[in-house]
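J.: First the structure, which I've put down as structure tokens, then a few questions once you've had a look.
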Amino acid sequence: MTKEVSRSTYNKYESNDTLQISYLNNNPYQVFIQRLSFWEILSSLFTLRMQVILFPFIILLGVGLLELILKDSNETKQKPIKKRAE
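Its first residue numbered 262, the sequence shown is counted upward by one per residue in the working numbering.
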């Protein structure tokens, strides 16, 4: 079986090393590495597949935050100044 792994996972093992895996009973082709280090989990966020998934989400989040900031600044500028009663 061939499976895509992160760079840190790939660099962690030699070519003839064994790798402990786990899989779901109903789908033995869906394979997972049993023990992942923190760096392996972090580096999996930078795979091409995850970047394709996360990039649009980050763009939408940025556009939404920009709209909120611009909306708040426009509302602040448009508020009339109340004079105190003398």
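Even glycine gets a Cβ: it sits at the ideal position worked out from N, Cα and C. Since the structure is predicted, the reported quantities are computational estimates derived from the model, not experimental observations.
Near residue 284, what residues of its chain come up, given a Cβ to Cβ distance below 8 Å and the 5 sequence neighbours on each side ignored?
T.: The residues are 290, 291, 292 and 293.
J.: Are residue 267 and residue 304 close, meaning C-beta to C-beta below 8 Å?
T.: Going by C-beta atoms, residue 267 is nearer than 8 Å to residue 304.
J.: In the DSSP assignment, what are the bridge partners of residue 299?
T.: DSSP lists no partner for residue 299.
J.: Helix, strand or coil for residue 292, going by three-state DSSP, please let me know.
T.: If DSSP states are grouped into helix, strand and coil, residue 292 belongs with the strands.
J.: Excluding sequence positions up to five away, which residues of its chain have a Cβ less than 8 Å from the Cβ of residue 306?
T.: Excluding residues within five positions, the ones whose Cβ falls inside 8 Å are 315.
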